[in-house]
Amino acid sequence: MKKVVFVLWFLIGFYGLFGQTSTKKSPTLNQNFGKDIVVGVFSDSVVLKFEGKLDSLSLFLYEKPDTTKKIKPKDFRNYFVQKSNRLDECRKFFGGWYIGDFKINELTITGLQPKKDYFLNIYKSKDTLFDFVMQIPFSTLAVEPTAQAGQIVFTNFSDTSISLQFIFGNGEGRMLVGAKGEEVDLPQDGKEYRASARFGSREAQLGKSFVLYDGKDKTPQVTVTNLEPGTKYTFAVFEYNGNGKYRNYNVKPSANNPRSKITRLKAPEILKVELIAPDGAFIRWKKVANAVTYVLDVATDEEFHNKVDVYNEVDVGDLDTFELSDLVEGTTFYIRLKARGNGIESLYSKPVKFTTNK
């Protein structure tokens with residue numbers, strides 16, 4: 278009986294010295310360790326950054342999650358990670374690669390495959406024991422398109438809409454982004470966005486910009502609506518490959534990409550024409566935003582072919598009323614207005630008909 282007990286004690290002791298897997302919880306590390314470890318992912322590489330102490334830590338890379346978490350660190354010792362580590366030069370074993378023991382806080386692993394899921398495992402190693410610290414999943418991106426979309430042209434525009442089209446590049450798809458002002462926000466790799474041609478749609482927001490189109494049409498025509506009159510907008514197109522977490526955008530500029538356009542001013546509305554004399558009338562209109570002056574036009578026909586010389590596209594200034602005089606008595610006239618801003622103008626208002634007294 279004593280011999281049996283002795284043999285069991287010996288076997289347990291031997292396993293404890295040479296084959297034991299730690300059953301303790303993951304070791305406590307510096308609170309900053311593990312924060313924002315993957316700082317850059319590309320189609321063929323990943324950039325890592327670690328904060329905190331690196332004593333006795335080893336890094337492994339897998340193509341599938343390691344559920345056993347059983348690595349004998351004594352089989353992978355005396356090799357330190359480099360600033361740049363090519364995967365085909367790392368030690369390969371069943372299920373993954375041994376990148377090395379930590380000695381530096383920043384490193385790059387290259388030679389990865391595009392559009393592939395990987396898993397980084399970190400262990401705290403001792404002579405015959407190991408402790409699993411953490412597993413960090415990441416996915417490489419699709420290969421970035423090399424030819425960017427471009428040649429944005431505006432086919433039509435009004436005070437509240439702009440229609441445009443562009444030439445495609447060599448990506449699987451392309452995304453149109455617009456913003457008020459002169460700059461658009463850039464899309465983030467590894468992320469898809471919802472799109473809406475209605476500018477300002479919350480579900481299509483990208484920073485201070487909005488995604489207006491996302492698709493695989495080669496020569497799409499997009500009409501952007503819900504714009505503000507007399508306002509400058511900038512548009513940019515980005516080619517991309519891949520979908521979801523694998524998506525990789527080309528965000529470089531190209532010919533006429535990005536490009537800006539100012540919407541028309543809203544047409545003024547004539548509120549009233551009041552006869553004040555046999556040869557005179559008083560006109561009042563509703564001013565519009567971003568206008569600095571108004572142009573008045575008077576004719577004796579509704580098509581404005583026969584204009585009154587003294588009131589042929591007269592710049593009347595930043596007013597909302599004007600008095601007409603020296604008109605022919607007992608005559609029917611038509612009057613219209615348009616607004617002008619800094620380099621932009623509106624369409625003419627709806628003509629208003631009036632007849633002077635005899």
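Mapping of the sequence shown onto my numbering: residues 278 to 635, in sequence order. Using N, Cα and C, we set each Cβ at its ideal position, and we do this for glycine too.
- Beta-bridge partners of residue 584 (DSSP): 576.
- One Cα belongs to residue 619, the other to residue 569, and the distance between them is close to 7 Å.
- Here the region 518 to 535 makes no contact with the region 552 to 569; the two share fewer than three CB pairs at distances below 8 Å.
- Sequence-distant partners of residue 396 (beyond 5 residues in either direction) whose C-beta falls short of 6 Å from its own C-beta, in its chain, are 339, 342, 412 and 414.
- When C-beta atoms of the region 320 to 331 are compared with those of the region 384 to 395, three or more pairs fall below 8 Å, so the two segments count as touching.
- With respect to the 9 Å criterion, residue 318 and residue 416 are classified as neighbours on the basis of their beta carbons.
- Under the three-state reduction of DSSP output, residue 522 falls in the helix class.
- For the pair residue 621 and residue 542, the CB atoms are nearer than the 9 Å cut-off.
- In the structure shown, the three-state DSSP call for residue 536 is strand.
- Looking at the backbone, the Cα of residue 361 and that of residue 376 are separated by about 10 Å.
- Under the 10 Å beta carbon count, residue 634 is surrounded by fewer than 16 other beta carbons and is classified as exposed.
- C-alpha of residue 390 to C-alpha of residue 512: approximately 33 Å in a straight line.
- Here the alpha carbons of residue 519 and residue 468 stand approximately 10 Å from one another.
- Of the other Cβ atoms in all chains shown, fewer than 16 fall within 10 Å of the Cβ of residue 600; this residue is therefore exposed.
- Bridge partners of residue 357 according to DSSP: 378.
- In the DSSP assignment, residue 593 is bridged to no other residue.
- Of all C-beta pairs linking the region 488 to 499 to the region 444 to 460, three or more are shorter than 8 Å, placing the two stretches in contact.
- Nearest to residue 506 by C-alpha distance, out of 435, 378, 571 and 493, is 435.
- Taking C-alpha positions only, residue 409 is separated from residue 328 by approximately 18 Å.
- Residue 444 places its beta carbon less than 9 Å from that of residue 426.
- Of the other Cβ atoms in all chains shown, 16 or more fall within 10 Å of the Cβ of residue 483; this residue is therefore buried.
- For residue 442, the CB contacts under 8 Å within the same chain, skipping 5 residues up- and downstream, are 429, 430, 432, 496, 497, 498 and 499 in chain order.
- DSSP, reduced to helix, strand and coil, places residue 480 within a helical segment of the structure shown.
- Looking at the backbone, the Cα of residue 422 and that of residue 368 are separated by about 32 Å.
- Restricting attention to beta strand (DSSP E) runs no shorter than 3 residues, the region 443 to 479 encloses them at 450 to 457, ordered along the chain.
- Excluding sequence positions up to five before and after residue 356, its CB lies within less than 6 Å of the CB of 377, all in the same chain and listed in chain order.
- Counting along the chain, the unbroken beta strand (DSSP E) around residue 498 starts and ends at 498 to 501.
- Remark: fewer than three beta-carbon pairs, one from each stretch, lie closer than 8 Å, so the region 537 to 552 and the region 587 to 594 are not flagged as touching.
- Excluding sequence positions up to five before and after residue 583, its CB lies within less than 6 Å of the CB of 576 and 577, all in the same chain and listed in chain order.
- Beta-bridge analysis with DSSP links residue 440 to 433 and 500.
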